[in-house]
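J.: Per this note's numbering, residue 4 is the first one in the sequence shown, and the count goes up by one each step. The beta carbon of each residue, even a glycine, is placed where N, CA and C say it ideally should be. Remember, it's a predicted structure, so these values are computed and weren't measured experimentally. The structure that follows is given in the form of structure tokens.
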Amino acid sequence: AATHAQDKKKPALEVWNDLFAKREGKEHQFNKFLAERVKGLPPGKALDIGMGQGRNSMFLAALGWEVTGFDISEVGVKQAKAEAEKRGLKINASVGDVDKFDYGKERYDLVIGMYMHEYLTRNAAKVMAALKPGGTLIVEGIHRDINKDSLRGERYGYRNNELPKIFDRLRVKYYEDTLDKADWD
């Protein structure tokens with residue numbers, strides 16, 4: 004994964020390792036949108052794409068999900084493993100690249116992609132194939148196109164209705180383009 008704040012001179016891996024090293028020891032709350040969307044879902048197998056320091060993986064594991072997470076940053080994955088062990092939670096965390104990861108076929112009941120933007124959308128076919136029949140995909144990200152009340156979108160992120168178009172083989176249960184503060188700093 005790369006970031007919008009990525010210094011063009013640094014490889015993505017280096018940028019993420021630096022970011023997670025600076026955030027070590029700081030508590031990062033799980034994603035609230037994720038928490039709302041998983042209410043009522045029976046725990047099963049979950050995949051956390053771009054897990055970073057594991058905030059969402061650990062949240063799901065605490066609810067009884069069997070979680071696999073991966074991230075390009077070995078620093079973030081190491082921190083996730085250490086924190087999960089400290090909390091007594093089991094997560095399968097590994098270093099991996101979104102474009103090379105083996106998503107498998109009908110492997111997961113839940114796939115999450117928080118703030119993964121083009122890294123998620125360019126792997127949409129693999130992600131859809133990885134979902135078991137009736138599985139759920141939960142995505143949150145930055146909006147690219149908003150021009151409401153003089154607000155401008157970002158140069159990265161999702162466009163209006165981009166996700167339903169790209170993940171067109173899935174049935175949409177909830178979708179919203181909204182103005183709100185991102186939970187990713």
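1) Starting from residue 52 and walking both ways along the beta strand (DSSP E), at which residues does that stretch end?
2) Compare the beta carbon distance of residue 65 and residue 84 with 8 Å and say whether it is the shorter of the two.
3) Hey, residue 2 and residue 111: beta-carbon distance below 8 Å or not?
4) Check whether the Cβ atoms of residue 141 and residue 58 sit closer than 8 Å, and answer yes or no.
5) Could you spell out where the alpha helix (DSSP H) holding residue 169 opens and where it closes?
6) Measure the alpha-carbon distance for residue 123 versus residue 100 and round it to whole angstroms.
7) Evaluate residue 126 with the Cβ neighbour count: other Cβ atoms within 10 Å of its Cβ, from every protein chain shown; 16 or more gives buried, anything less gives exposed.
8) Could you pull the start and end residues of the beta strand (DSSP E) that residue 181 belongs to?
9) In the DSSP assignment, the beta strand (DSSP E) including residue 137 goes from what residue to what residue?
10) Is the Cβ-Cβ distance between residue 138 and residue 113 less than 8 Å?
11) Going residue by residue through the segment 100-131, where are the continuous alpha helix (DSSP H) segments of at least 4 residues, counting only ones entirely within it?
12) Taking only the alpha-carbon atoms, compute the straight-line gap between residue 87 and residue 173 and give it to the nearest angstrom.
13) Apart from the five residues just before and just after residue 47, which ones in its own chain have a Cβ nearer than 6 Å to its Cβ?
14) In the DSSP output, what is residue 146 paired with across the bridge?
15) Three-state secondary structure (DSSP) at residue 10?
16) Quick one: Cα of residue 109 to Cα of residue 45, how far?
T.: Taking the definition as stated:
1) Translated into positions along the sequence shown, residue 52 becomes position 49. Element bounds for residue 52: 48-52.
2) For this step, residue 65 is matched to residue 62 along the sequence shown. For this step, residue 84 is matched to residue 81 along the sequence shown. Their beta carbons are not under 8 Å apart, which means residue 65 does not touch residue 84 by this criterion.
3) Missing from the structure shown is residue 2; the chain here goes from 4 to 188 and no further.
4) One-based indexing of the sequence shown puts residue 141 at position 138. One-based indexing of the sequence shown puts residue 58 at position 55. Not closer than 8 Å, so no.
5) Along the sequence shown, read from residue 1 onward, the residue named residue 169 stands at position 166. Its alpha helix (DSSP H) spans residues 165-169.
6) Start at 1 with the first residue of the sequence shown, and residue 123 comes out as number 120. Start at 1 with the first residue of the sequence shown, and residue 100 comes out as number 97. Answer to the nearest angstrom: the Cα atoms are 11 Å apart.
7) Indexing the sequence shown from 1 puts residue 126 at position 123. Buried is the call here.
8) Translated into positions along the sequence shown, residue 181 becomes position 178. It is not in any beta strand (DSSP E) - residue 181 carries neither H nor E in the DSSP assignment.
9) Taking the sequence shown and counting its residues from 1, one reaches residue 137 at position 134. Taken as a continuous stretch (DSSP letters only), the beta strand (DSSP E) holding residue 137 covers 134-143.
10) Residue mapping note: residue 138 aligns to position 135 of the sequence shown, counting from 1. Residue mapping note: residue 113 aligns to position 110 of the sequence shown, counting from 1. Their beta carbons are under 8 Å apart, which means residue 138 touches residue 113 by this criterion.
11) 121-124
12) Translated into positions along the sequence shown, residue 87 becomes position 84. Translated into positions along the sequence shown, residue 173 becomes position 170. Rounded to the nearest angstrom, the two C-alpha atoms are 32 Å apart.
13) As a first step, residue 47 must be located in the sequence shown, where it is residue number 44. Here the set comprises 112.
14) To locate residue 146, count along the sequence shown from 1; it is residue 143. In the DSSP output, where bridge partners are listed per residue, residue 146 has 161.
15) Start at 1 with the first residue of the sequence shown, and residue 10 comes out as number 7. With a pLDDT of 45 at residue 10, under the threshold of 50, the modelled position of this residue cannot be trusted, and the question is left open.
16) Working through the sequence shown from its first residue, we reach residue 109 at position 106. Working through the sequence shown from its first residue, we reach residue 45 at position 42. Those two C-alpha atoms are separated by around 17 Å.
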